[in-house]
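Below is one structure; the comments refer to it alone.
Numbering (my numbering), first residue to last: 67 to 413.
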């Protein structure tokens, strides 16, 4: 999950500054100092602004990239997640472990996850045997941030594992190579399967129903109230993400326009524009973001030619795609593909 390229980030997604503090702390554990970072990254987090400061996804990506390069550790995010446990994560762990069952705890974590990170969302599917939790990145977070999230969530799963039954059966990661699988299995404490299209954790149904010995309804009700207050203070970017999901669907069907995007929301294109303006974005910007995200994913997967990717995304010709890609990433699709192949060879 290494990422040496830095694609255009989503400006709507503002991460809380405690993530910066966690990165700084992990650097110190690696005998490095924030003073060794580029000047504009040294002052993202100070002692008096942790609760109020938000850091843009672009700044977070730059910080992760700089920290990875400074330490020379291609899995700095995974190790940062193991080394640190901030107060917000501790509160989420306490709320989860105070739940009646592991299943209740997971529902609670999904609901309150935006308090912990705005860079991804959690959702679940289930069958007779397993409950599968998916971690879907939002915008274009750095791969190190996603590794850190996976690693920190392991602390939650460990806290809600019943005494006599395993809870996590396996974690699935979108890696092409098995080379780093032992590293992930050691860090996550479970079987890891690579080559997945999505990041997923599979839970044992039987364990989900087991009562937790740490359940505490008195404490839980008070934690829920506090966490709900924290959640209500976060900016609402969910509508923009829902619109992006609709755009992804239409691009897959090779027909996308503003009217088709607005239809499932029972609103006119004009109303759609007003709603998006309220969250400081536009239809055109979201379409651009989705095209960029899909383009980056398809190039990294290396299964389609660049011309085919341009066609899949609805560009009239390859040159239009190349111009758009340069605007997104600062490099040509060919150069980005070469970098992605180098990353894969190094992982």
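Cβ atoms here follow ideal geometry from the backbone N, Cα and C, with glycine treated the same way.
What did DSSP end up calling residue i once you bin it into helix, strand or coil?
i: residue 343; result: helix
i: residue 353; result: helix
i: residue 393; result: helix
i: residue 260; result: strand
i: residue 237; result: strand
i: residue 49; result: Residue 49 is absent from the model: the chain starts at 67 and stops at 413.
i: residue 245; result: coil
i: residue 232; result: coil
i: residue 219; result: helix
i: residue 226; result: coil
i: residue 141; result: coil
i: residue 333; result: coil
i: residue 320; result: coil
i: residue 379; result: coil
i: residue 195; result: coil
i: residue 91; result: helix
i: residue 407; result: helix
i: residue 211; result: helix
i: residue 72; result: Residue confidence for residue 72 is low, a pLDDT of 44 falling below 50, so the modelled location carries little weight and cannot support an answer.
i: residue 427; result: Only positions 67 to 413 of the chain appear in the structure, and residue 427 is not among them; the question remains open.
Can you check DSSP and say which residues form a bridge with residue i?
i: residue 200; result: 189 and 266
i: residue 122; result: 80
i: residue 167; result: 277
Can you name, in chain order, every residue of its own chain whose Cβ lies under 8 angstroms from the Cβ of residue i, other than the five neighbours on each side?
i: residue 322; result: 313, 316, 353 and 380
i: residue 251; result: 257 and 258
i: residue 185; result: 79, 81, 123, 126, 203, 204, 205, 207, 211, 212 and 215
For residue i, is the classification buried or exposed, using 16 other Cβ atoms within 10 angstroms of its Cβ as the cut-off for buried?
i: residue 68; result: Residue placement at residue 68 is flagged as unreliable, the pLDDT there being 44, under the threshold of 50; the coordinate-derived value follows with that caveat. Residue 68 is buried by the Cβ-count criterion.
i: residue 261; result: exposed
i: residue 189; result: exposed
i: residue 284; result: exposed
i: residue 294; result: exposed
i: residue 208; result: buried
i: residue 248; result: exposed
i: residue 73; result: At residue 73 the pLDDT is 48, less than 50, meaning the model places this residue with poor confidence; the figure from the coordinates comes in the next sentence. Flag for residue 73 reads buried.
i: residue 400; result: exposed
i: residue 71; result: Only weak support is given to the placement of residue 71: the predicted model assigns it a pLDDT of 39, under 50, and the value that follows is read from those uncertain coordinates. Buried, because 16 or more other Cβ atoms sit within 10 Å of the Cβ of residue 71.
i: residue 389; result: exposed
Is there at least one non-hydrogen atom of the ligand MN closer than 7 angstroms to the beta-carbon of residue i?
i: residue 91; result: The ligand MN is absent from the structure shown, which contains no ligands of any kind.
Quick one: what's got a C-beta closer than 6 angstroms to residue i's C-beta in the same chain, skipping five residues either side?
i: residue 268; result: 196, 198, 235 and 236
i: residue 264; result: 200
i: residue 286; result: 164
i: residue 179; result: 188
i: residue 266; result: 198, 200 and 238
i: residue 240; result: 262
Within its chain, find whatever has a CB closer than 7 angstroms to the CB of residue i; leave out the 5 residues flanking it on each side and keep chain order.
i: residue 162; result: 171, 174, 175, 222, 225 and 226
i: residue 325; result: 335
i: residue 151; result: 221
i: residue 296; result: 181
Check whether the region 88 to 99 and the region 133 to 151 touch, using three or more Cβ-Cβ pairs below 8 angstroms as the test. yes
Could you tell me whether the region 331 to 343 touches the region 365 to 373, where touching means 3 or more Cβ pairs closer than 8 angstroms? no
Whether or not the region 373 to 389 and the region 335 to 346 are in contact is what I'm after, with contact meaning three or more pairs of Cβ atoms, one per stretch, closer than 8 angstroms; do they touch? Taking 8 angstroms as the limit for Cβ pairs, the verdict is that the region 373 to 389 does not touch the region 335 to 346.
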